[in-house]
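Working notes, beginning with the structure itself.
Dropping the structure here:
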């Protein structure tokens, strides 16, 4: 327990030392962060004259997770831009619900905001799986090219219009790896692996395609599931494994980069449209600013979290990803066949690679 607390404190200290930087922004009408940043600076001097508003935000992440810094910055920016009249009330650590539950709560309007990823919304908006199709993105530049594209803006608008959830702060989490109690060097090594996956169908189908035995385990229960042998591996990000002290129950890292995972600020569309237009503009502006700071923070901190895990005694392996990619071809085909316009969207995302 003491070790886990120290781990969280170390991660928090590291996050405080890492600063984000501005890049290209995606607005509702144009993907230009420099213009958004300029408007943010200008509007920060304005006085919000509207009523006091409190918006409830929930997420499933523990306090040490790198994305928690984004929630804090978002809340701070909203407060600053509104002169303290708009409050973002943040509830983390699955206090209100797990990952799937908070996404559904935002969709139903029982809470206003959450931190989540596109694939979690795929049960009600299947097209969202495009972001996490295995090996869809080559690198960070490829991810940025899509996130700052008109195609991404259109998907965000379509999801908001279709299911009532709008991504207002599109941000990153990681290219994911496998963390296990046995060494993994090849695709053959994952055959039969008892691996924890989130309650997201795409993750299940991806690892079943690789030959794993998948078990859905809530984020808050991963440590115990590893400890008791319910699973002997998980897939996730370096920052999650470190800040949750999951290195205490795993020994090996296999850098498979199987899925890119986003970590975005999402809002109930009806709630956004119900508040004062000036208040809505402040919330949207703050979310985008916090999200873009977080994008760079994630990129900057990836290697740092890797080194922290190695410092805890984990062993790291760069695997040959091509066999893993080939094993997942059927997952792409399923998306193409089941999603209207799926093949065209895959082609579009692939066309953005440099």
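Numbering (the numbering used here), first residue to last: 69 to 422.
Quick reminder that beta carbons are idealized off the backbone N, C-alpha and C, glycines included.
Thinking just about the alpha-carbon of each residue, which of 128, 370, 316 is nearest to the one in residue 160? 128
Quickly, what does DSSP pair residue 304 with across the bridge? List them, please. 245
Note the first and the last residue of the continuous alpha helix (DSSP H) segment covering residue 377. 345–379
Any idea which residues DSSP pairs residue 234 with across the strands? 335
I'd like to know if the stretch 240–250 and the stretch 361–378 are in contact, where contact means that at least 3 CB-CB pairs between them fall below 8 Å. yes
Can you tell me which of the three DSSP states residue 274 falls into? helix
Using CA coordinates, which residue listed in 232, 199, 233 is at the minimum distance from residue 220? 199
Taking only three categories from DSSP, how would you classify residue 328? strand
Could you tell me the boundaries of the beta strand (DSSP E) in which residue 125 lies? 121–126
Whole beta strand (DSSP E) elements within the stretch 157–241, 3-residue minimum: 181–184, 233–237
Assumed close pair residue 324, residue 268 - CB separation to whole angstroms, cut-off 8 Å: Going by Cβ atoms, the distance from residue 324 to residue 268 rounds to 17 Å, so no, they are not a contact pair.
Bounding residues of the alpha helix (DSSP H) (the contiguous stretch that carries residue 296): 290–296
With 16 as the cutoff for other CB atoms within 10 Å, does residue 151 come out buried or exposed? exposed
Taking the C-alpha atoms as reference points, what is the distance between residue 349 and residue 299? 45 Å
Can you tell me the Cβ-Cβ gap for residue 395 and residue 255, rounded? I've got them flagged as a contact below 8 Å. 6 Å
Between the Cα of residue 228 and those of 145, 186, 168, 130, spot the shortest distance and give me the residue it belongs to. 186
Does residue 162 pass the burial test, meaning 16 or more other C-beta atoms within 10 Å, or should it be called exposed? buried
Residue 397, enclosing beta strand (DSSP E) - first and last residue: Segment 397–406 is the alpha helix (DSSP H) holding residue 397; no beta strand (DSSP E) there.
Cross-strand partners of residue 319 (DSSP beta bridge): Paired residues: none, contrary to the question.
For the beta strand (DSSP E) containing residue 265, list its first residue and its last residue. 262–265
Roughly how many angstroms lie between the CA atoms of residue 401 and residue 344, to the nearest whole one? 44 Å
Rounded to whole angstroms, how far is the Cβ of residue 329 from the Cβ of residue 305, which I believe are closer than 8 Å? 7 Å
Just tell me which of 252, 158, 278, 251 has its CA closest to the CA of residue 397. 278
In the structure shown, what three-state DSSP assignment does residue 310 receive? helix
Simplified DSSP assignment, three categories, for residue 116: coil
Environment of residue 421 [buried if 16+ CB atoms lie within 10 Å]: exposed
With a Cβ-Cβ cutoff of 8 Å, do residue 338 and residue 232 count as a contact? yes
Limits of the alpha helix (DSSP H) - the one that residue 412 falls within: 410–419
Return the first residue and the last residue of the alpha helix (DSSP H) that residue 139 is part of. 136–149
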